[in-house]
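Be aware that the sequence shown starts at 988, since it is given in my numbering, and climbs by one per residue.
Using N, Cα and C, we set each Cβ at its ideal position, and we do this for glycine too.
Structure first, commentary second.
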Amino acid sequence: MRSIPRLRTAADFNRVTSSGRRSRRDGLVVFAASAPGTRVGFAIPRSAGTAVERNRARRRLRVLAAKHLGPGFDVAVRAESSVVTASFQELESCLAGALRELGAGAPS
């Protein structure tokens, strides 16, 4: 599975969330903005659960982003508490649907 570079700075996140398009699905808010490369970043609040739960959700989302994200987009994913208890299939359906809606999904 390919790995995707990450959004690392607050400025990167701010650019994507302020100038990008937004899609909201069960427990996920996904922002996508056109970019020369492809990067992804995740924001999961501490109130969502323990560090172990948040990191597990982040790992799952990272794998799903690598599978479903098309080239040429910076994507920021803001997760809510329900994400840490969601199944892998539920997360996949939410993230894939949001990316398709934003036009950032990988070509079939």
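- Query: For G1014, which three-state DSSP category applies?
  - Reply: Walking along the sequence shown from the start, residue 1014 turns up at place 27. Coil, per DSSP.
- Message: Can you tell me where the beta strand (DSSP E) holding A1066 begins and where it ends?
- Response: By one-based count along the sequence shown, residue 1066 stands at place 79. It spans 1060 to 1066 - the beta strand (DSSP E) in which A1066 sits, taken as one unbroken run.
- Task: Following the continuous beta strand (DSSP E) through R959, name the residue where it begins and the one where it ends.
- Result: The shown model of the chain, from 988 to 1095, leaves out residue 959, and the question about it has no answer.
- Item | Which of helix, strand or coil DSSP assigns to R1009 | Here the question's residue 1009 lines up with position 22 in the sequence shown. R1009 sits in a strand when the DSSP states are folded into three classes.
- Decide if the region 1079 to 1087 is in contact with the region 1052 to 1061; the criterion is three or more beta carbon pairs, one per stretch, under 8 Å apart. yes
- Find out if the Cβ-Cβ distance for the pair L994, V1027 is shorter than 8 Å. By 1-based counting over the sequence shown, the position of residue 994 is 7. By 1-based counting over the sequence shown, the position of residue 1027 is 40. Yes, the Cβ-Cβ distance between L994 and V1027 is below 8 Å.
- Less than 8 Å separating the beta-carbons of A1030 and A1063? For the purposes of this step, residue 1030 is taken as residue 43 along the sequence shown, with counting starting at 1. For the purposes of this step, residue 1063 is taken as residue 76 along the sequence shown, with counting starting at 1. Cβ atoms of A1030 and A1063: closer than 8 Å.
- In chain order, what residues of the same chain have a beta carbon less than 7 Å from the beta carbon of A1040, not counting five sequence neighbours either side? Residue mapping note: residue 1040 aligns to position 53 of the sequence shown, counting from 1. Checking the sequence, you will find Glu at residue 1040 rather than Ala. Cβ neighbours of E1040 beyond the five flanking positions: V1071.
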